[in-house]
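Engineer: Submitted below is the structure of interest, expressed as structure tokens.
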Amino acid sequence: MNKSSKDWTKHELKIYLLLLCAQADSVQTQDELALIKRKTNSDTFAVIHQEFNMDDEDTSIEKIEKSIAKLDFSQMELAELKKEIHELFQMDKKFSAAERYLDKILDNIVY
0 MNKSSKDWTK HELKIYLLLL CAQADSVQTQ DELALIKRKT NSDTFAVIHQ
50 EFNMDDEDTS IEKIEKSIAK LDFSQMELAE LKKEIHELFQ MDKKFSAAER
100 YLDKILDNIV Y
């Protein structure tokens with residue numbers, strides 16, 4: 000079954016969001032992908048990664064925005080999501096301008 004953003008679970012949205020964050024500086028490193036893969040199973044990762052690869056950044060942000068609006072995240076869940084995003088951003092020990100820009104966009108959408 001091919002899921003679109005309209006029926007993602009919270010977990011699937013998180014994986015998609017982390018993939019976008021890994022791509023923020025235009026390079027998805029093996030370490031970043033490994034971190035994301037540790038947070039899910041291989042089937043979920045494969046489906047979400049394939050969908051992510053077909054989307055451009057604007058489409059990705061739109062999908063995330065629509066999904067966040069539909070899913071009922073608690074404040075604790077949002078805090079954990081933000082922590083995981085920042086963990087991913089810090090994988091390479093740098094917080095690039097592109098990552099900071101995406102972080103601000105996500106602050107407006109997610110939090």
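Just so you know, we're using numbering that gives the first Met the number 0 here: the sequence shown kicks off at 0 and counts up by one. From the three backbone atoms N, C-alpha and C, an ideal C-beta is built for every residue, glycine too.
Would you say L18 and F51 are within 7 Å of each other, going by their C-beta atoms?
Structural biologist: Against a cut-off of 7 Å, the Cβ pair of F51 and L18 comes out as a contact.
Engineer: Could you tell me if L101 is buried or exposed, where buried requires 16 or more neighbouring beta carbons within 10 angstroms of its beta carbon?
Structural biologist: Per the 10 Å Cβ criterion, buried.
Engineer: Looking at C-alpha atoms only, which residue of D30, H48, Q22 is the closest neighbour of R99?
Structural biologist: If we check each option's Cα against that of R99, Q22 comes out closest.
Engineer: Hey, out of K93, I14, D6, whose CA is closest to K81's CA?
Structural biologist: For the residues K93, I14, D6, the minimum Cα distance to K81 belongs to I14.
Engineer: My output table needs one value for L17: the three-state DSSP class, helix, strand or coil.
Structural biologist: L17: helix per DSSP, three-state reduction.
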